[in-house]
Amino acid sequence: MSEMAQPTDSTPPHALEPLQVDVIEAARLLRYSRAKIYEMLSRGELPSTRHGASRRIPVIALRAWVEAHTEHGL
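So my numbering is basically just the index in the sequence shown, starting at one, shifted up by 5.
Listed below in structure tokens is the structure:
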């Protein structure tokens, strides 16, 4: 039986991040309500995948959304 790799001091922090999060976690990360996240999903602002009745949002998409909506140079 193989063992799962354990994080070490040399493990990059991003290696431990999930690839996708559920709507509740996305709302927590963006500091928005779940309703706002569902609204963004229905308007196509955020991509998602379905897993049964739940939806998962790629973390990279959340980062891209924040970057695209960040005002620079104010």
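The C-beta atom is built at its ideal place from N, Cα and C for all residues, glycine as well.
Might you give, ordered along the chain, the residues of its own chain that have their beta carbon closer than 7 Å to the beta carbon of residue i, omitting 5 neighbours on each side?
i, result
"Ser38", "Ala32"
Have a look at residue i and residue j and give me their C-alpha separation to the nearest angstrom.
i, j, result
"Arg60", "Glu76", "29 Å"
"Pro52", "Pro63", "7 Å"
"Arg27", "Arg55", "What sits at residue 27 in the sequence shown is Asp, not Arg. Asp27 and Arg55: Cα-Cα distance of roughly 10 Å."
"Val71", "Ala40", "18 Å"
"Ala66", "Glu30", "13 Å"
"Ala69", "Gly49", "14 Å"
I'd like the list of long-range same chain contacts for residue i, defined as Cβ closer than 6 Å, with 5 residues on each side in sequence excluded.
i, result
"Met45", "Leu51"
From the DSSP output, which residues share a beta bridge with residue i?
i, result
"Ile62", "Val26"
With a floor of 4 residues, list each alpha helix (DSSP H) that falls wholly inside the region 18-58, ordered by position along the chain. 28-35 and 39-47
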